[in-house]
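With mature numbering (1 follows the signal peptide of the UniProt record, and there is no 0) as the guide, the letters of the sequence shown map in order to residues -21 to -1, 1 to 439. For glycine and all other residues, C-beta sits at the position ideal for the given N, C-alpha and C.
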Amino acid sequence: MKSPLVAATAALGLLGQGANAISLTLGDDTSTKNAAGTVAYGLMKFYTGNNTGDNPGNLPSPYYWWEAGAMFGTMIDYWFFTKDSTYNNVTMQAMLWQAGKDGSFMPTNQTLTEGNDDQGFWAMAAMSAAENVFPNPPSDQPGWLAMAQAVFNQYVGRWDPNCGGGLRWQIFQWNKGYDYKNSVANGCFFNVAARLARYTGNQTYADWAQKVWDWEQKIGLIGDQYQVYDGLSIDSNNTCGQMDQNQWTYNAGLYMAGAAAMYNFTNNATWKANLDGIVKQTQSKFVNNNVVYEQFCEPRGFCSVDQSTFKGYLLRYMAATVKMAPYTATTLMPLLKAAATAAASVCTGPASGTFFGITGTGCGFSWMQPGNYDGKNGVGSQMNALDAVMYTMVQEAPDLATAKKGGTSKGDPGAGMGNIDPAGEIDNVTKPTTGGKVGAAILTLLLLISVLAGSAVLLL
């Protein structure tokens, strides 16, 4: 294992330098890890969850809870690719705190406003921890695998019959977006289910991944050229008609990596065709002069705080795709390398009132003009750059683990079942109708039977 001082050493080495772009030589392991360490140092300077009076796992305003989950997913990958353990303890603390008492990422400090996609980004971080063989939680805590299983089980319990299926964007009816079914919420479900199928070998997870994919295609959210559209509104007749056809990088990434996991699990030609279709559409829609960009808002300069993180997730899932479907490297590795070069070239921002890393290493958001720092530094810009740099090492990294090959994470096929209706833990919340409870109970029982039937291997 490398010294846990990689990030600090890389950062300190820049103290005497001026405002120069981070040095990066692709193909040079030491250079790439040092560059990643410097960017990671700047990223983690945004984190306040380990400060007195704050909750572990939280980012300060204006960053939402889900983005913290995405950030810790990045840091789990950072350890995997660099073996720099500098941030492992704070990552472990954040993940366990936000997992909540049953490991389902429904903590009391977030539950009232939490959406299905918010929960999903934490679940995908836990899934990465299992696949990466990140150090396991203490024995009295749920394992990483059990956390992902808990969220999967809750997603199954929320499968909604309106519009023929799918998850709603929001969990609770009082939150804006409850009457919206979108690709990101269902993409989180698909991604987690597909990766659980690959990791555990359990067909039930694969069946649900297939079900989500089929619904997305049937309802039109995945187009005939593998466009992944944003979502559909549910009208007063409980039908879905009005579609938002915006396309975002992170949605393409979620379905790309999920399709790659399903192809890896099944070796099925249909899943290969699905994967190839998304890769081709991604090249067409989200690449400009060989550099990944957020096509809807980046050229006009009006990406929101959330949207400013999306392209980094696409890079994450490109790298995961290369791991699970190595033939895609011919197409995806040039894009990952071009992104790394462009991102490093705009990491020239000064230390300021918002960026507390080493001056001259604050990363800009847009990579469309390499070498031009746009002044838009933040968690998203810094995380995107870290993703861009470190995922160039994907081909040299170990294979992603499974329960039968290298995995050590403790599983629990019934995890999260006691919190299928999270409203039950909140005072003064309208309860489901008796019919709704019976239906959910039957669905949950059938799920538990089907998962347990093939899950002896999961009880690690």
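Query: At what residues does the beta strand (DSSP E) containing M222 begin and finish?; Result: C219 to Q226
Query: Just how far apart, CA to CA, sit G339 and L3?; Result: 14 angstroms
Query: For P86, which residues of its own chain have a beta-carbon under 6 angstroms away from its beta-carbon, when the five flanking residues on both sides are left out?; Result: Q77 and G79
Query: Pick out the complete beta strand (DSSP E) segments inside the segment 192 to 257, 3 residues or longer, and give them in chain order.; Result: 208 to 213 and 219 to 226
Query: With DSSP collapsed to three states, give me the class of V284.; Result: coil
Query: What residues in its chain sit with their C-beta under 6 angstroms from that of G36, if we drop five residues either side in the sequence?; Result: G28, A47, A73, W76 and Q77
Query: How about K155: is its Cβ closer than 8 angstroms to a heavy atom in the ligand ZN?; Result: No copy of the ligand ZN appears in this structure; indeed no ligand is present at all.
Query: Between V207 and I257, is the Cβ-Cβ spacing less than 9 angstroms?; Result: yes
Query: Examine the Cβ distances between the segment 55 to 62 and the segment 6 to 26 and report whether three or more of them are shorter than 8 angstroms.; Result: yes
Query: Along the chain, which unbroken stretches of the alpha helix (DSSP H) at least 4 residues long are found entirely within the segment 45 to 119?; Result: 67 to 78 and 95 to 111
Query: Using the rule of at least 16 other Cβ atoms within 10 Å of the residue's Cβ for burial, across every protein chain shown, is D119 buried or exposed?; Result: exposed
Query: Nearest CA to the CA of A19: which residue from T70, T309 and D158?; Result: T70
Query: Can you tell me where the beta strand (DSSP E) with Y26 in it begins and where it stops?; Result: Run containing Y26: none; DSSP gives neither H nor E here.
Query: Within its chain, find whatever has a CB closer than 6 angstroms to the CB of G341; leave out the 5 residues flanking it on each side and keep chain order.; Result: G328, F334 and N356
Query: Alpha carbons only, please: which of N30, G350 and Q98 is nearest the one belonging to G395?; Result: Q98
Query: How should A248 be labelled, buried or exposed, when 16 other C-beta atoms within 10 angstroms of its C-beta is the threshold for buried?; Result: exposed
Query: Does the segment 188 to 196 come into contact with the segment 123 to 133, if we say contact requires no fewer than three beta-carbon pairs (one atom in each stretch) closer than 8 angstroms?; Result: no
Query: Any idea if Y234 is buried or exposed, counting beta-carbon neighbours within 10 angstroms, 16 or more meaning buried?; Result: buried
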